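Enquirer:
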């Protein structure tokens with residue numbers, strides 16, 4: 259079971275916006291996504307591991323993960 263709590267709605271929207279900017283059938287770098295999220299929200303207390311898991315959760319919810 260995951261130790262990460264539910265993704266907050268604001269973070270979920272930020273990640274979805276980031277993923278929606280990617281080209282259709284494109285690959286999104288998790289490292290670049292985490293870096294961009296940190297740049298957009300420097301106050302965010304989540305660890306890189308938590309952000310990575312949140313990115314995977316949102317991409318699965320959007321039907322983007324394979």
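Residue numbers (our numbering): 259 to 324.
Each residue gets a CB set at the ideal place from its N, CA and C atoms; glycine is no exception.
Fair warning: this is a prediction, and the values are worked out from it, not measured in the lab.
1) I think residue 291 touches residue 302, with their Cβ atoms under 8 Å apart; what is that distance to the nearest whole Å?
2) Give me, in chain order, the residues of the same chain whose beta-carbon lies closer than 7 Å to that of residue 309; leave out the 5 immediate sequence neighbours on both sides.
3) Consult DSSP for residue 285 and reduce its assignment to one of helix, strand or coil.
4) Mind reading off the beta-carbon distance from residue 273 to residue 312? Whole number of angstroms is fine, and I expect it under 8 Å.
5) Helix, strand or coil for residue 304 per DSSP?
6) I need the DSSP call for residue 280, collapsed to helix, strand or coil.
7) Measure the C-alpha to C-alpha separation of residue 278 and residue 315 and round it to an integer number of angstroms.
Expert: So, from the listed chains and residues:
1) Not really, about 13 Å apart at Cβ, beyond 8 Å.
2) 292 and 295
3) coil
4) 6 Å
5) coil
6) coil
7) 14 Å
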